[in-house]
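Accompanying notes for the structure given below.
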Amino acid sequence: MAFRLEFILLLVFLFCLSFGSVDSEDGATLLKIKKSFRDVDNVLYDWTDSPSSDYCVWRGITCDNVTFTVIALNLSGLNLDGEISPAVGDLKDLQSIDLRGNRLSGQIPDEIGDCSSLKSLDLSFNELYGDIPFSISKLKQLEFLILKNNQLIGPIPSTLSQLPNLKV
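Just so you know, the sequence shown maps onto residues -24 to -1, 1 to 144 in mature numbering (1 follows the signal peptide of the UniProt record, and there is no 0).
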């Protein structure tokens, strides 16, 4: 009987360890995203691949309390330089991306359109350039899209007007 209880406790412990570990897909994806930034002030110091590191408590990350998947990425005003990684599209449960007020450059990656749960996207006050990707039109849950104060050119995709929840 004691052996069975110890075995069950061990299984519960191992199950708990499997969540929130950087070995998960979301944790690995966040590390790819970090690599695309130049973090001159080392504000993302806690984003590490250490086995004991829990990405759900990393700066700027909010996770779902049940699934432990990343639902919000808020790195606003952190003086980050670099580009937005295409890996952001691998965070399928993201509901909010807030990267405003940094010094991010490059183009908005097409893969951002793969974040099918996204409700809010704020990339304002950066140095992003190029076209607004048509892939944003795939974000059927999107309510807020804020891209002001960048160097974006070209027409606003007409398909954005077909997003049912987008607030103007």
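No residue lacks a Cβ here, since even glycine has one placed at the ideal position from N, Cα and C.
Burial state of residue i, where buried means 16 or more other Cβ atoms lie within 10 Å
| i | result |
| --- | --- |
| Thr135 | exposed |
| Gly3 | buried |
| residue 146 | Any question about residue 146 goes unanswered here, given that the chain covers just -24 to 144. |
| Ser28 | exposed |
| Ile37 | buried |
| Thr5 | buried |
| Lys124 | exposed |
7 Å Cβ shell around residue i - same chain, five flanking residues per side excluded
| i | result |
| --- | --- |
| Phe(-12) | Annotation note: pLDDT 49 at Phe(-12) (below 50); position unreliable, coordinate value reported separately. Hits under 7 Å: none found. |
Nearest residue (CA-CA) to residue i, options the options
| i | options | result |
| --- | --- | --- |
| Glu59 | Leu70, Leu139 and Leu80 | Leu80 |
| Ile129 | Pro109, Lys116 and Asn141 | Pro109 |
| Ser100 | Leu94, Asp22 and Ile84 | Ile84 |
| Ser92 | Arg14, Asp69, Glu103 and Ser137 | Asp69 |
| Glu103 | Asp57, Asp17 and Ser26 | Asp57 |
| Lys95 | Asp22, Trp23, Tyr105 and Leu142 | Leu142 |
| Asn18 | Glu119, Arg35 and Pro131 | Arg35 |
| Ser111 | Tyr105, Leu20, Gly65 and Ser12 | Gly65 |
Residue i - DSSP class collapsed to helix/strand/coil
| i | result |
| --- | --- |
| Ile60 | coil |
| Glu1 | helix |
| Ser72 | strand |
| Gln138 | helix |
| Phe110 | helix |
| Gly89 | helix |
Residue i CB to nearest heavy atom of the ligand MG below 7 Å
| i | result |
| --- | --- |
| Ala63 | The ligand MG is not among the ligands present in this structure, which contains no ligands whatsoever. |
Contacting residues, own chain, Cβ-Cβ under 6 Å from residue i (five flanking each side not counted)
| i | result |
| --- | --- |
| Asp98 | Asp74, Arg76 and Ile122 |
Residues that DSSP places opposite residue i in a beta bridge
| i | result |
| --- | --- |
| Asp66 | Its beta-bridge partners do not exist; DSSP assigns none. |
| Gly77 | None, per the DSSP bridge assignment. |
| Phe13 | Gly58 |
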